[in-house]
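In order, the protein sequences belong to chains A and B. At position 382 of the first sequence the residue is numbered 409 (our numbering), and the sequence of numbers has no breaks. At position 26 of the second sequence the residue is numbered 53 (our numbering), and the sequence of numbers has no breaks. To keep things clear, I will list the structure first and then write my remarks on it.
Protein chains: 2
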Amino acid sequence: MGNNNRQMSLGAMMFYPSGENIASWRHPEVDASQMLDFDYYKNIVQAAERAKFDLFFYADNLYVWDRYDSSIRGANSIRPEPITLMAALASVTKHIGLAPTISTSYNEPYHIARKMATLDHFSKGRTAWNVITSSADEEAQNFNKEKHLEHSTRYRRAAEFVDVTLGLFDSWEEDSIVMNKESGEFADPEKVHYLNHSGEFFKVRGPLNVSRPPQGHPVLVQAGASESGKELAARTAEVIFSPFVPLEDAKAFYRDVKGRLAKYGREPHEVKIMPSFIPIVGRTEAEAKEQLEIVGDLIPDALCRDLLSHYLGQDISHLSLDEPLPFIPSQENNNQSKSRIDRVIRLLEKERLTPRQLFKKIYNNSFAGTPEQVADVMETYFKEEAADGFIMPFAHLPGGLDDFIELVLPELRRKGLFRTEYPGGTLRDTLGLTRPVNRYSR
Amino acid sequence: MGNNNRQMSLGAMMFYPSGENIASWRHPEVDASQMLDFDYYKNIVQAAERAKFDLFFYADNLYVWDRYDSSIRGANSIRPEPITLMAALASVTKHIGLAPTISTSYNEPYHIARKMATLDHFSKGRTAWNVITSSADEEAQNFNKEKHLEHSTRYRRAAEFVDVTLGLFDSWEEDSIVMNKESGEFADPEKVHYLNHSGEFFKVRGPLNVSRPPQGHPVLVQAGASESGKELAARTAEVIFSPFVPLEDAKAFYRDVKGRLAKYGREPHEVKIMPSFIPIVGRTEAEAKEQLEIVGDLIPDALCRDLLSHYLGQDISHLSLDEPLPFIPSQENNNQSKSRIDRVIRLLEKERLTPRQLFKKIYNNSFAGTPEQVADVMETYFKEEAADGFIMPFAHLPGGLDDFIELVLPELRRKGLFRTEYPGGTLRDTLGLTRPVNRYSR
Chain A
28 MGNNNRQMSL GAMMFYPSGE NIASWRHPEV DASQMLDFDY YKNIVQAAER AKFDLFFYAD
88 NLYVWDRYDS SIRGANSIRP EPITLMAALA SVTKHIGLAP TISTSYNEPY HIARKMATLD
148 HFSKGRTAWN VITSSADEEA QNFNKEKHLE HSTRYRRAAE FVDVTLGLFD SWEEDSIVMN
208 KESGEFADPE KVHYLNHSGE FFKVRGPLNV SRPPQGHPVL VQAGASESGK ELAARTAEVI
268 FSPFVPLEDA KAFYRDVKGR LAKYGREPHE VKIMPSFIPI VGRTEAEAKE QLEIVGDLIP
328 DALCRDLLSH YLGQDISHLS LDEPLPFIPS QENNNQSKSR IDRVIRLLEK ERLTPRQLFK
388 KIYNNSFAGT PEQVADVMET YFKEEAADGF IMPFAHLPGG LDDFIELVLP ELRRKGLFRT
448 EYPGGTLRDT LGLTRPVNRY SR
Chain B
28 MGNNNRQMSL GAMMFYPSGE NIASWRHPEV DASQMLDFDY YKNIVQAAER AKFDLFFYAD
88 NLYVWDRYDS SIRGANSIRP EPITLMAALA SVTKHIGLAP TISTSYNEPY HIARKMATLD
148 HFSKGRTAWN VITSSADEEA QNFNKEKHLE HSTRYRRAAE FVDVTLGLFD SWEEDSIVMN
208 KESGEFADPE KVHYLNHSGE FFKVRGPLNV SRPPQGHPVL VQAGASESGK ELAARTAEVI
268 FSPFVPLEDA KAFYRDVKGR LAKYGREPHE VKIMPSFIPI VGRTEAEAKE QLEIVGDLIP
328 DALCRDLLSH YLGQDISHLS LDEPLPFIPS QENNNQSKSR IDRVIRLLEK ERLTPRQLFK
388 KIYNNSFAGT PEQVADVMET YFKEEAADGF IMPFAHLPGG LDDFIELVLP ELRRKGLFRT
448 EYPGGTLRDT LGLTRPVNRY SR
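Structure follows, in structure tokens:
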């Protein structure tokens with residue numbers, strides 16, 4: 028990159044409250060009974076803040092996974108609602124960024140703009156928004172619909188949703204608020220703007236009833252790895268949360284996405300690519316291997332089979348987990364994650380795999396090793412332009428995060444790859460992203 | 028009542044961030060520049076908590092009021108979003124109840140149930156929900172519609188919305204979560220319930236992905252004073268936020284609403300009637316009068332005329348503020364607050380009023396006096412069964428609240444009418460309301 032002082036960005040992620048794994052509540056070090064106690068989250072995020080993580084990233088979905096018999100029985104389907112969680116965290120943190128996940132398929136842009144603008148004010152500019160389109164029919168059924176929106180429809184809706192929201196954030200120009208008590212003038216109406224948006228999915232008049240967020244707008248995070256996902260990301264995302272894949276694939280993805288930016292008038296440094304990377308750390312290789320085995324054993328066979336049925340969009344409960352899968356699933360009839368099913372197809376076209384082997388390959392984006400080994404992998408991805416940083420969904424919480432902080436961060440710091448202090452200011456300052464100019468002030 | 032130890036319930040209300048008055052930002056003691064700084068709210072609510080208020084109540088609307096020229100120019104249209112605010116407050120308070128206002132006309136029950144359930148868990152059972160139906164076409168226009176829902180439609184929707192939400196709160200029975208790490212059983216599917224609701228406005232499958240709130244469900248607050256509003260309140264509300272009206276009218280309202288409870292199988296003590304009462308306190312009568320005049324002068328003539336046009340649903344900008352209003356407005360063509368327009372009609376049928384006089388009558392639910400006088404009024408309403416307590420939208424914040432705490436609360440305590448300590452536990456415990464039983468466990 029030419030710049031030897033470049034440092035990586037790090038996000039601490041929570042997929043499920045007790046870790047990335049759907050059965051992480053079973054991990055011997057986890058106490059999932061505190062899952063709806065706010066102190067559980069406060070302790071985790073304050074620990075990440077003491078360690079100078081860029082942001083805390085929280086996944087979401089809008090239903091209880093109940094498609095198969097083992098779902099409610101074995102999976103943790105309970106989670107706090109993201110905006111409520113992040114708002115509660117804003118008042119007990121000072122520096123770390125807060126990235127809730129919000130679906131564009133089952134929300135209204137005016138509500139989300141208000142909530143995120145409020146959160147950005149309250150946190151003094153520390154918000155990011157992980158834009159997702161949701162994936163399951165069961166979510167649609169909690170919102171007056173039978174079927175989830177079809178893939179390309181939901182991406183068009185997502186693009187329009189983000190546009191409307193960004194427009195609402197610009198409602199109030201920076202100098203629109205006069206607050207002259209004597210004259211009685213609160214605001215200058217010339218500097219308060221209507222959106223009057225009328226599109227395929229939304230009609231929104233504006234203005235927003237919250238003034239412009241300190242960051243201009245929250246940092247936009249996007250995870251889609253499908254063609255539509257990458258295009259939406261190139262157009263609007265500032266952080267891309269990508270799958271953790273082998274180095275050469277990760278470099279290709281990095282080049283692909285950065286290469287799409289020019290057509291939207293954007294520079295490569297305006298987007299951070301941060302793969303999802305689970306560090307499983309042991310003080311020795313043997314300890315790391317043992318940790319990995321514990322995680323591998325968390326999901327019982329019945330749950331493994333049912334998760335795989337879910338991913339494939341096809342019930343495989345009649346098949347053995349240990350004999351080669353007798354079919355390759357098709358893209359058609361699958362309206363869930365396009366990039367995941369693509370990956371499954373590529374894997375199965377390359378080699379015959381049993382359901383258990385397939386599951387391990389698609390469900391596992393972890394790397395187990397000693398602190399030095401983990402830090403070396405991260406350094407390689409970072410220096411080889413496969414990543415600008417990492418968003419880390421730890422295998423179990425808070426232990427996985429604590430181990431990483433205690434064992435790996437000192438290694439990364441020794442290499443000069445991670446900060447020792449926050450730069451101060453907003454999340455944009457922490458990430459090195461610029462503050463967008465209000466469209467009406469240009 | 029027979030019970031001499033009965034004490035009143037008190038809510039500290041925030042209508043606009045700097046007070047009840049739409050121009051309260053102009054009050055000499057107000058610093059409205061901090062309106063999006065969380066510390067402003069934290070200080071106010073922590074003060075109310077030190078004073079042992081039952082709850083903090085925050086109003087809301089979903090638009091910038093811009094119907095007339097003076098609107099954006101003179102009114103404070105900026106406010107933090109209520110759920111974001113309450114979640115941030117939950118982590119810096121311990122005892123006080125948190126009552127956000129949420130519209131049933133422009134939300135989805137699954138989202139609201141998740142957010143309120145999360146907030147109830149995080150606050151350890153301190154939430155209330157002020158159920159409103161919204162009132163302006165401008166709000167509809169931020170949510171894909173041209174016109175606000177017609178009055179009876181929006182009350183039917185509100186009733187269904189509340190029913191769905193209460194159903195979702197019951198998704199998980201108290202003993203549904205097993206969390207047996209060894210067997211891998213997270214929950215007992217027999218005790219996790221689908222709602223499968225299909226009604227006039229909503230189709231919602233469930234279950235909710237947050238377990239049952241500590242309070243069973245948030246305390247339901249309702250303000251409607253129209254016929255449909257009173258009926259909805261009698262059916263579901265636990266706190267009724269009513270207009271502050273003369274004693275005999277207040278007693279009649281109290282009897283009316285409590286009398287409607289029996290047909291829904293409810294007891295009079297299951298609903299608290301809490302009029303909206305603005306105390307304007309001076310150490311002397313002269314000081315109170317002076318305070319009242321400051322508040323009366325905050326709204327400039329142009330804004331007064333435009334607010335009245337808004338309330339009447341009819342532009343009166345061509346009329347003098349000081350000559351009798353030449354017409355009586357009609358219920359028809361008015362789809363805003365039915366109880367307010369009813370009150371206007373009753374006032375104008377009784378006597379000829381100028382717009383300015385009418386405005387003062389409908390916009391003013393304050394009582395100005397010495398601490399003893401204010402405490403006496405509150406005692407009378409309480410003892411004469413016109414009120415079980417009060418929700419107080421102070422004329423300016425934080426000063427109006429601080430004055431009340433310093434000057435009036437000691438009087439109420441001297442009379443034995445208000446607590447000196449919280450009882451401990453949830454908001455239901457503070458208010459003396461019972462915890463609802465899960466419908467599936469009955």
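Backbone N, C-alpha and C define an ideal beta-carbon position, used for all residues, glycine too.
Which residues in chain B sit within 7 angstroms of Y90 (chain A), going by Cβ to Cβ distance?
In chain order, N236 make up the part of chain B whose C-beta sits under 7 angstroms from the C-beta of Y90 (chain A).
State yes or no: is the C-beta of L454 (chain B) within less than 8 angstroms of the C-beta of A155 (chain B)?
For L454 (chain B) and A155 (chain B), yes; Cβs fall inside 8 angstroms.
Measure from the C-beta of H122 (chain A) to each C-beta in chain B and report whether the shortest distance is under 8 angstroms.
With a threshold of 8 angstroms between beta carbons, H122 (chain A) makes no contact with chain B.
Where does the unbroken alpha helix (DSSP H) through Q73 (chain A) begin, and where does it stop?
Element bounds for Q73 (chain A): 65 to 77.
Of all Cβ atoms in chain B, is any one closer than 8 angstroms to the Cβ of Q168 (chain A)?
Closer than 8 angstroms: yes.
Give a yes or no on whether the minimum CB-CB distance between S162 (chain A) and chain B is below 8 angstroms.
Judged by the 8 angstroms Cβ criterion, S162 (chain A) is not in contact with chain B.
Using a 10 Å radius around the Cβ and a threshold of 16 neighbouring Cβ atoms, would you call R106 (chain A) buried or exposed?
When all chains shown are included, R106 (chain A) counts as buried.
CA-CA distance, I343 (chain A) and E165 (chain A)?
Straight-line spacing of the CA atoms in I343 (chain A) and E165 (chain A) works out to 19 angstroms.
Count the other CB atoms within 10 Å of the CB of L37 (chain B); is the residue buried (16 or more) or exposed (fewer)?
By the neighbour-count criterion, in which a residue is buried when 16 or more other Cβ atoms sit within 10 angstroms of its Cβ, L37 (chain B) is buried.
Pairwise C-alpha distance: L428 (chain B) and I305 (chain B)
Rounded to whole angstroms, the gap between the alpha carbons of I305 (chain B) and L428 (chain B) is 10 angstroms.
Would you verify that the beta carbon of K299 (chain A) is, or is not, closer than 8 angstroms to some beta carbon of chain E?
Chain labels in this structure do not include chain E; the protein chains are A and B.
Could you give the distance in angstroms between the alpha-carbon of L458 (chain B) and the alpha-carbon of I418 (chain B)?
For L458 (chain B) and I418 (chain B), the distance between alpha carbons rounds to 13 angstroms.
Can you find a CB in chain A that lies within less than 8 angstroms of the CB of W156 (chain B)?
The beta carbon of W156 (chain B) does not come within 8 angstroms of any beta carbon belonging to chain A, so the residue lies off that interface.
Counting along the chain, where does the alpha helix (DSSP H) carrying V189 (chain A) start and finish?
178 to 196 is the span of the alpha helix (DSSP H), which, as asked, contains V189 (chain A).
May I have the straight-line CA-CA distance separating S198 (chain B) from D328 (chain A), to the nearest angstrom?
When the Cα atoms are used, S198 (chain B) and D328 (chain A) turn out to be separated by approximately 27 angstroms.
Going along the chain, which residues of the segment 191 to 212 of chain A sit with their C-beta nearer than 7 angstroms to a C-beta in chain B?
If you check each beta-carbon in the segment 191 to 212 of chain A against every beta-carbon of chain B, the ones closer than 7 angstroms belong to M206, K208, G211, E212.
Taking only the alpha-carbon atoms, compute the straight-line gap between G124 (chain A) and F394 (chain B) and give it to the nearest angstrom.
The C-alpha of F394 (chain B) is placed about 46 angstroms away from the C-alpha of G124 (chain A).
Start and end of the alpha helix (DSSP H) containing P437 (chain A)?
Taken as a continuous stretch (DSSP letters only), the alpha helix (DSSP H) holding P437 (chain A) covers 436 to 441.
Within 8 angstroms (strictly less), CB to CB, does Y449 (chain A) reach chain B?
With 8 angstroms as the cut-off, Y449 (chain A) does not count as an interface residue toward chain B.
Grouping DSSP H, G and I as helix and E and B as strand, with all else coil, what is H175 (chain B)?
Three-state DSSP puts H175 (chain B) in coil, outside helix and strand.
How many angstroms separate the CA atom of V371 (chain B) from the CA atom of K230 (chain B)?
One C-alpha to the other measures close to 39 angstroms.
With H, G and I counted as helix, E and B as strand and the rest as coil, what does DSSP make of L37 (chain B)?
In the displayed model, L37 (chain B) falls within a strand according to three-state DSSP.
Measuring straight from C-alpha to C-alpha, what distance separates K410 (chain B) and E320 (chain B)?
Cα to Cα, the separation comes out at about 30 angstroms.
Spatial distance of P463 (chain A) from G194 (chain A) (CA atoms):
The alpha-carbon atoms of P463 (chain A) and G194 (chain A) are separated by roughly 12 angstroms.
Identify whether M28 (chain A) lies in helix, strand or coil by the three-state DSSP scheme.
Low confidence applies to M28 (chain A): its pLDDT is 40, below 50, so where it sits in the model is not reliable, and the reading given next is rough at best. Secondary structure at M28 (chain A): coil, using DSSP grouped into helix, strand and coil.
Contained alpha helix (DSSP H) runs [length at least 4] in the segment 314 to 340 of chain B, N- to C-terminal order
Listed in chain order, the complete alpha helix (DSSP H) runs (minimum 4 residues) inside the segment 314 to 340 of chain B are 328 to 339.
Extent of the continuous beta strand (DSSP E) run through P471 (chain B):
This structure cannot settle anything about residue 471 (chain B), because the visible part of chain B is limited to 28 through 469.
Would you report the Cα separation of P356 (chain B) and R367 (chain B), rounded to the nearest angstrom?
Taking the straight line joining both Cα atoms gives about 12 angstroms.
Mapping the DSSP letters down to three states, classify H296 (chain B) as helix, strand or coil.
Taken through DSSP and simplified to helix, strand or coil, H296 (chain B) comes out as helix.
Whole angstroms is fine: what's the gap from K365 (chain B)'s alpha carbon to E177 (chain B)'s?
So the alpha carbons of these two residues sit roughly 11 angstroms apart.
Please list the segments of the beta strand (DSSP E) lying wholly inside the segment 184 to 269 of chain B, counting only runs of 3 or more residues, in order along the chain.
Taking only runs of at least 3 residues, the beta strand (DSSP E) segments lying wholly in the segment 184 to 269 of chain B are 204 to 207, 212 to 214, 246 to 249, 266 to 269.
Closest Cβ-Cβ distance between T145 (chain B) and chain A: below 8 angstroms?
True, the Cβ-Cβ gap to chain A drops below 8 angstroms.
For S104 (chain B), the nearest candidate out of B:E76, B:N465, B:L89 (CA to CA)
Considering only alpha carbons, the answer is B:L89.
N-terminal and C-terminal residue of the beta strand (DSSP E) that L375 (chain A) is part of
The continuous stretches of beta strand (DSSP E) do not include L375 (chain A), which lies in the alpha helix (DSSP H) extending over residues 365 to 377.
Nearest to I129 (chain A) (by Cα), restricted to the options A:S179, A:T192, A:G152, A:K172
When only C-alpha atoms are compared, the closest one is A:T192.
CB P515 (chain A) to CB F196 (chain A), shorter than 8 angstroms?
Residue 515 (chain A) cannot be examined here, being either before or after the span of chain A that is shown, 28 to 469.
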